[in-house]
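> Dropping the structure in here first, questions after.
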Amino acid sequence: MPWGEFKDTAAERRLFQRRTMVMLSIVMLLIVGLLARMYQLQVVEHDIYTTLSDKNRVQVQSVPPPRGLVYDRNRTLLAENRPVFSVTLVPERVEGMEQTLTQLGAILDISEEDRDRFQRRLQEPRRPFQEIPLRYDLDEQEMARLAVHRHELPGVEVKAELVRYYPHSELTAHALGFVGRINRDELQRIDPVNYAGTNYIGKSGIERFYEEVLHGKVGYQHVETNARGRTMRVLERENPVPGEDLQLHLDLRLQKRAHDLLDGRRGAIVAIEPATGGILALASVPGFDANKFVTGISVSDYRELSESRDKPLFNRALRGQYPPGSTMKPMLAIAALDSGATTRDYTIWDPGYFKLTESGRRYRDWKRSGHGWVNLMDAMAESCDVYYYDIAVKMGVDTMYEYLSRFGFGEDAALDVSGALSGLLPSRDWKRATRNEPWYPGDSVNLGIGQGFMLATPLQLATATSLIANRGRWIEPRLLKAIEGDTPVSEFLPDATHEPLELKNPDDWDYVVETMAEVMHGRKGTARQVGRGAPYRMAGKTGTAQVFSLAEDEEYDAEEIRERLRDHALFVGFAPVDNPRIAVAVIVENGGGGSSTAAPVARELFDAWLLELDTEDGAGTVAGNPEREGGAG
37 MPWGEFKDTA
47 AERRLFQRRT
57 MVMLSIVMLL
67 IVGLLARMYQ
77 LQVVEHDIYT
87 TLSDKNRVQV
97 QSVPPPRGLV
107 YDRNRTLLAE
117 NRPVFSVTLV
127 PERVEGMEQT
137 LTQLGAILDI
147 SEEDRDRFQR
157 RLQEPRRPFQ
167 EIPLRYDLDE
177 QEMARLAVHR
187 HELPGVEVKA
197 ELVRYYPHSE
207 LTAHALGFVG
217 RINRDELQRI
227 DPVNYAGTNY
237 IGKSGIERFY
247 EEVLHGKVGY
257 QHVETNARGR
267 TMRVLERENP
277 VPGEDLQLHL
287 DLRLQKRAHD
297 LLDGRRGAIV
307 AIEPATGGIL
317 ALASVPGFDA
327 NKFVTGISVS
337 DYRELSESRD
347 KPLFNRALRG
357 QYPPGSTMKP
367 MLAIAALDSG
377 ATTRDYTIWD
387 PGYFKLTESG
397 RRYRDWKRSG
407 HGWVNLMDAM
417 AESCDVYYYD
427 IAVKMGVDTM
437 YEYLSRFGFG
447 EDAALDVSGA
457 LSGLLPSRDW
467 KRATRNEPWY
477 PGDSVNLGIG
487 QGFMLATPLQ
497 LATATSLIAN
507 RGRWIEPRLL
517 KAIEGDTPVS
527 EFLPDATHEP
537 LELKNPDDWD
547 YVVETMAEVM
557 HGRKGTARQV
567 GRGAPYRMAG
577 KTGTAQVFSL
587 AEDEEYDAEE
597 IRERLRDHAL
607 FVGFAPVDNP
617 RIAVAVIVEN
627 GGGGSSTAAP
637 VARELFDAWL
647 LELDTEDGAG
657 TVAGNPEREG
667 GAG
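Residue numbers (the working numbering): 37 to 669.
Take a look at the structure:
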């Protein structure tokens with residue numbers, strides 16, 4: 037039977053049609069699905085994918101605020117910001133870190149110290165895509181060489197930033213402090229939003245205490261970048277709010293004079309304006325260049341500072357704790373008069389020593405032959421130790437502790453001075469807790485001349501002297517004078533907590549001031565040579581603090597004592613007597629006698645403030661040596 041007779045053409049046609057319809061249906065379903073997906077992507081999820089697309093080319097960058105400036109009381113700039121160009125790397129965008137560093141080393145002068153510092157920062161916690169600096173302060177030639185090779189170095193940028201600069205660095209380092217790069221601990225406690233893009237933070241001094249005011253508020257900008265992450269253009273920008281500018285009570289001219297007067301000798305000077313509590317000078321010598329710490333001090337420079345015998349990093353004005361010696365006598369005189377341990381007419385015989393019992397130890401006076409009959413006026417003018425031994429035993433440690441604490445000893449009484457120590461104001465409880473011993477009468481004898489366990493900082497001595505100048509009116513020391521802007525100073529200064537020191541007889545203030553004036557102008561005053569010829573009256577007290585103890589019958593010979601074991605020379609005082617405009621505390625380490633070394637420094641400082649600097653401001657002028665003192669001046 038022929039083959040054609042078995043072929044069913046109609047059946048094949050129907051089969052073909054069915055298969056065609058199935059395929060068309062599948063194609064239509066695919067087209068509908070594709071159209072639905074296109075609709076979802078382009079219409080329903082348009083905003084999502086537009087945002088994702090923009091994120092590939094548009095980034096949000098933080099813009100750090102310019103740090104506030106710091107001025108002295110005469111609007112002299114103490115801390116400013118200068119532009120610095122640095123080469124930075126964003127690790128997330130670098131293609132091969134070691135290779136990139138090698139290439140940069142061939143283009144720029146990169147030291148091993150730069151590399152080590154970069155590697156340490158690379159390991160520290162940081163924000164994503166945060167730039168890490170490799171080299172600071174590029175010059176024009178270095179920037180030009182880097183620009184030529186820039187296309188070969190993805191993730192490498194030349195960044196311009198404002199970096200803190202101190203034009204009078206060594207003079208102001210201890211008063212202002214300095215800023216430095218944010219470390220790991222600081223990164224944990226700062227506001228990550230407001231500090232986004234900020235690399236520096238206050239480390240000490242005013243820079244640290246007023247960090248919140250000086251820092252400002254971060255800004256943002258939307259930038260368009262290319263495939264390598266380089267910025268092409270700025271699309272949108274919200275400017276940062278700069279930090280507030282500060283004006284301090286500090287007077288740069290007086291600060292410089294204080295440094296010059298110390299003349300390279302180890303020591304400190306604190307000068308306070310009694311009426312306002314403003315710190316006019318806060319000098320610690322030797323100083324250091326704070327600018328070296330801003331972008332990171334080199335290992336060799338830091339080793340030189342930290343290993344120096346003169347300790348330039350040590351702030352003697354705030355953290356130096358010294359036996360105050362006879363500079364405590366004006367405060368103890370107030371305590372003795374008010375507590376009834378002595379009177380203005382109370383007189384004793386000074387044979388050159390004091391004994392608690394007839395057969396007891398002799399506590400020597402600085403004057404071996406003694407001062408004879410002395411009252412409180414004589415005892416202050418001549419710095420008679422025996423008189424103060426006597427009234428100290430009569431008062432006892434509890435009374436002395438009560439009054440001295442009200443002068444600010446044993447605490448940091450300043451309002452905005454960062455890092456000040458509290459000294460040591462000993463008491464019965466303190467000795468029992470630290471030495472497991474009772475308080476002996478001999479301890480009171482030593483405390484009566486500011487020796488023994490007693491320690492005070494120059495700032496505390498200046499504060500207590502200012503309290504006497506104010507006749508008991510407390511005005512806590514402060515550096516901040518004004519904030520440039522609408523921010524009130526009171527918002528950032530801690531509340532004053534000290535009550536006025538009110539005496540049973542308020543006239544005792546004037547009497548003790550007169551005893552201090554007798555030191556400077558009296559016929560037997562220990563600093564009468566210093567006060568001679570002054571067109572104003574000043575009040576003061578010299579002091580000499582032992583660095584080591586002598587045996588009971590051992591003589592003191594400064595020529596035979598190693599220089600660093602000699603006595604510290606101290607002075608406290610204020611001027612003029614009737615209208616105090618400046619109160620000072622001076623210490624010259626291992627300087628010898630207070631009257632021969634520290635008092636002349638104070639006189640020069642008084643003259644500078646009252647006769648020279650105030651005149652320049654248009655304020656006009658004002659109207660009208662012991663040997664070894666064992667704690668005297």
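Built from N, CA and C at the ideal position, the CB exists for glycine as well.
According to the Cβ coordinates, are residue 537 and residue 621 closer than 7 Å?
No, they are not a contact pair.
> Roughly how many whole angstroms lie between the Cα atoms of residue 166 and residue 160?
Spanning the two alpha carbons is a distance of roughly 12 Å.
> Bridge partners of residue 604, per DSSP?
DSSP, once it has assigned bridges, lists 581 as partnering residue 604.
> Would you kindly work out how many angstroms separate the C-alpha atoms of residue 605 and residue 558, rounded to a whole number?
Those two C-alpha atoms are separated by around 21 Å.
> Enumerate in chain order the residues of its own chain whose CB-to-CB distance from residue 274 is below 6 Å, with the five nearest sequence positions on each side excluded.
Here the set comprises 255, 256.
> Looking at C-alpha atoms only, which residue of 394, 389, 409 is the closest neighbour of residue 402?
Of 394, 389, 409, the residue nearest in Cα terms is 389.
> Whole angstroms is fine: what's the gap from residue 215's alpha carbon to residue 244's?
Residue 215 and residue 244: Cα-Cα distance of roughly 8 Å.
> If we count the other Cβ atoms within 10 Å of its Cβ and call it buried at 16 or more, is residue 78 buried or exposed?
Flag for residue 78 reads exposed.
> Just to confirm, are residue 307 and residue 548 a CB contact at a threshold of 7 Å?
Against a cut-off of 7 Å, the Cβ pair of residue 548 and residue 307 comes out as no contact.
> Do you know offhand how far residue 338's Cα is from residue 357's?
Roughly 24 Å separates the two Cα atoms.
> For the region 625-638 against the region 495-514, are there 3 or more C-beta pairs whose distance is under 8 Å?
No, the region 625-638 does not touch the region 495-514.
> Only counting the same chain, and skipping five residues up and downstream in sequence, which positions put a Cβ closer than 8 Å to that of residue 300?
So the list reads 321, 322, once near-sequence residues are dropped.
> What is the DSSP secondary structure of residue 175, counted as helix, strand or coil?
Coil, per DSSP.
> If you reduce the DSSP assignment to three classes, tell me which class residue 326 lands in.
Coil.
> By Cβ distance, which residues of its chain are closer than 8 Å to residue 380, with the 5 residues on each side in sequence left out?
Cβ within range, chain order: 373, 411, 412, 413, 547.
> Between residue 119 and residue 278, is the Cβ-Cβ spacing less than 7 Å?
It is not a contact, given that the beta carbons lie outside the stated cut-off.
> By the three-class DSSP mapping on this structure, what secondary structure does residue 154 have?
Of the three classes helix, strand and coil, the one that applies to residue 154 here is helix, per DSSP.
> Just to confirm the assignment, what range does the beta strand (DSSP E) spanning residue 55 have?
Unbroken run through residue 55 is the alpha helix (DSSP H), 45-75; no beta strand (DSSP E).
> Excluding sequence positions up to five away, which residues of its chain have a Cβ less than 8 Å from the Cβ of residue 479?
Correct list, in chain order: 433, 462, 467, 488, 489.
> When we look at the beta-carbon of residue 371 and count the other beta-carbons within 10 Å, is it buried (16 or more) or exposed?
With 16 or more Cβ atoms within 10 Å of its Cβ, residue 371 is classed as buried.
> Identify, in the order they occur along the chain, each residue of the same chain with its Cβ nearer than 7 Å to the Cβ of residue 525, setting aside the five sequence neighbours on each side.
Closer than 7 Å at the Cβ level, and outside the excluded window around residue 525, lie 516, 518, 519.
> Could you tell me which residues DSSP pairs with residue 487 in its beta bridges?
Beta-bridge pairing links residue 487 to no other residue.
> Should the region 232-248 be regarded as contacting the region 144-157, the criterion being three or more beta carbon pairs within less than 8 Å?
Contact between the region 232-248 and the region 144-157 is absent, because fewer than three Cβ pairs lie under 8 Å.
> Quick one, which of 359, 350, 330, 250 has its alpha-carbon nearest residue 603's?
Checking every option, the nearest Cα to that of residue 603 belongs to 359.
> Kindly indicate the opening and closing residues of the beta strand (DSSP E) around residue 546.
Counting along the chain, residue 546 falls outside any beta strand (DSSP E), though it belongs to the alpha helix (DSSP H) covering 543-557.
> Considering only DSSP beta bridges, list what residue 253 is partnered with.
According to DSSP, which records beta bridges pairwise, residue 253 is partnered with 277.
> Just confirm the distance between the C-beta atoms of residue 353 and residue 494, as a whole number of angstroms; I'd bet it's less than 8 Å.
The Cβ separation is near 5 Å, so the contact holds.
> For residue 577 and residue 363, which I take to be in contact (beta-carbon distance under 8 Å), what is that distance rounded to the nearest angstrom?
Yes, residue 577 and residue 363 are in contact; Cβ-Cβ is about 5 Å, under 8 Å.
> Which residue wins for smallest C-alpha separation from residue 239, given the options 229, 545, 230, 223?
Ranking the options by Cα distance to residue 239, first place goes to 223.
> Can you grab the Cα-Cα spacing for the pair residue 332 / residue 208, in whole Å?
C-alpha separation (whole angstroms): 19 Å.
> According to DSSP, is residue 532 helix, strand or coil?
In the structure shown, residue 532 sits in coil (DSSP, three-state: anything other than H, G, I, E or B).
> Determine the direct distance from the alpha carbon of residue 123 to that of residue 138, and round the result to whole angstroms.
Distance between the alpha carbons of residue 138 and residue 123 is about 14 Å.
> Quick check: the Cα distance between residue 449 and residue 505, rounded to an integer number of angstroms?
Spanning the two alpha carbons is a distance of roughly 17 Å.
> Could you tell me how far apart the beta carbons of residue 125 and residue 116 are, in whole angstroms, since I believe they sit closer than 8 Å?
The Cβ separation is near 28 Å, so there is no contact.
> Could you tell me the distance, in whole angstroms, from the CA atom of residue 59 to the CA atom of residue 49?
Answer to the nearest angstrom: the Cα atoms are 15 Å apart.
> Which first and last residues belong to the beta strand (DSSP E) in which residue 389 is found?
It spans 389-391 - the beta strand (DSSP E) in which residue 389 sits, taken as one unbroken run.
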